[in-house]
Amino acid sequence: MLLPDDVSLPKGLHFLRAGVLAGEVVASGTGKARFEPHHHLYMALGPAAAQTVQLPAGDVRADAWLRGEEIAAPGAPNGYVAVLYDGYPLGFGKASGGRVKNHYPKGLRNLK
83 MLLPDDVSLP KGLHFLRAGV LAGEVVASGT GKARFEPHHH LYMALGPAAA
133 QTVQLPAGDV RADAWLRGEE IAAPGAPNGY VAVLYDGYPL GFGKASGGRV
183 KNHYPKGLRN LK
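For the sequence shown, the positions run 83 to 194 when my numbering is used.
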């Protein structure tokens, strides 16, 4: 792993992987390939993502998001957006028409 010379890591710290999975190229229904971003990318980018939807602290849409539901986001730019709760990343979705379709991984969803 590349780190500045003045940075030392705790003994016994092990890395599972270096870097962040950005996404994958998948075939669309029209036979054309497209890039599908990965949850890891948006968790790493957080507020630095090009397009974001901000949910303020206490917003009930955050609970809905963590359950895997689509949320309302009036004024959200169309396309992939990072969903942030009080400035912290929750994941990403695809915004269109004032709604954000949830791309939160199924294995992480809070179904209670």
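The beta carbon of each residue, even a glycine, is placed where N, CA and C say it ideally should be.
None of these values were measured; they are calculated from a predicted model.
DSSP has residue i in a bridge; who is on the other side?
i           : result
residue 178 : 181
residue 109 : 115
Look up residue i in the DSSP assignment and say whether it is helix, strand or coil.
i           : result
residue 138 : coil
For the ligand ZN, any of its heavy atoms closer than 8 Å to the Cβ of residue i?
i           : result
residue 169 : Ligands displayed in this structure: none; no statement on the ligand ZN is therefore possible.
Can you grab the Cα-Cα spacing for the pair residue i / residue j, in whole Å?
i           : j           : result
residue 185 : residue 119 : 10 Å
residue 159 : residue 115 : 23 Å
residue 183 : residue 128 : 18 Å
residue 181 : residue 155 : 5 Å
residue 100 : residue 92  : 16 Å
residue 173 : residue 102 : 14 Å
Would you please state the rounded distance, in angstroms, between the beta carbons of residue i and residue j? I believe it to be under 8 Å.
i           : j           : result
residue 167 : residue 144 : 5 Å
Three-pair Cβ contact test at 8 Å for the segment 102-120 versus the segment 128-138: no
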